[in-house]
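In my numbering, the protein residues as written are 1 to 178. Before any comments, here is the structure.
Okay, here's the thing in structure tokens:
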């Protein structure tokens with residue numbers, strides 16, 4: 001059996017979802033400023049699009065974490081390779097990630113950010129796989145829920161590749177004898 005590529009979200013659909021999420025986030029914060037933290041490297045494409053749709057004053061910072069390496073499954077351990085530089089004390093923090101799968105990374109980062117005494121901490125993810133959750137976390141803002149597929153594109157990688165793909169796809173087994 002070989003694998004075929006199945007597109008799940010075209011670029012136009014992604015733009016619609018990101019616009020909706022930006023409106024939801026703007027409404028949730030009113031006129032209060034936020035600190036948006038993009039979890040690198042996966043969320044950088046989504047975060048760049050999302051912050052342009054958020055209409056409240058927004059500071060942007062980054063964290064680099066690792067838990068997957070080149071694997072399909074999380075290692076279960078989250079390492080912070082690069083922490084935030086901005087002072088988060090008494091700030092509204094929005095953590096942005098590409099996908100919430102097991103929830104281990106997002107949960108670890110939320111708990112880490114809380115140690116800086118922010119005013120609030122919320123999370124935004126483009127994709128959510130609730131059936132894969134291994135910890136008790138539910139993102140505040142979700143673009144699209146998806147089934148248990150290994151997805152690639154729009155910042156999501158397979159090994160070192162596909163982050164630059166403007167749409168999201170999955171590799172699935174091709175049963176046909178084409």
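Don't be surprised by glycine CBs; every beta carbon is placed ideally from N, CA and C.
Would you tell me roughly how many angstroms separate the C-alpha atoms of residue 36 and residue 93, rounded to the nearest one? 6 Å
Below 8 Å, can you find three or more Cβ-Cβ pairs linking the segment 21 to 37 to the segment 91 to 105? yes
Do you know whose CA, among 103, 84, 124 and 26, lies nearest residue 113's CA? 84
With burial defined as no fewer than 16 other Cβ atoms inside 10 Å of the residue's Cβ, what is the status of residue 5: buried or exposed? exposed
Cut-off 6 Å between Cβ atoms - residues of its own chain near residue 54, not counting five sequence neighbours on either side: Result list for residue 54: 22, 25 and 26, in chain order.
Best match in 49, 29 and 81 for proximity to residue 40 [C-alpha to C-alpha]: Nearest of 49, 29 and 81 to residue 40, Cα basis: 81.
So the beta strand (DSSP E) residue 132 belongs to, where does it begin and stop? First-last for residue 132: undefined, no H or E at that position.
Distance, Cα to Cα, residue 103 vs residue 137? 6 Å
Could you tell me which uninterrupted beta strand (DSSP E) segments, each at least 3 residues in length, are contained entirely in the segment 144 to 174, listed from first to last along the chain? 168 to 174
Buried or exposed by the 16-neighbour rule on C-beta atoms within 10 Å, applied to residue 11: exposed
Would you report the Cα separation of residue 13 and residue 32, rounded to the nearest angstrom? 29 Å
When we look at the beta-carbon of residue 159 and count the other beta-carbons within 10 Å, is it buried (16 or more) or exposed? A residue is called buried once 16 or more other Cβ atoms fall within 10 Å of its Cβ, and residue 159, having fewer, is exposed.
Beta-carbon proximity list for residue 214, same chain, < 6 Å, skipping 5 on both sides: This structure does not reach residue 214, given that the chain is present from 1 up to 178, and the question cannot be answered.
Going by CA-CA distance only, name the one from 44, 20 and 29 that's closest to residue 166. Ranking the options by Cα distance to residue 166, first place goes to 44.
DSSP three-state assignment for residue 94, whether helix, strand or coil: In this structure, residue 94 counts as strand in the three-state DSSP scheme.
Provide the residue span of the beta strand (DSSP E) that contains residue 3, from first to last. 2 to 9
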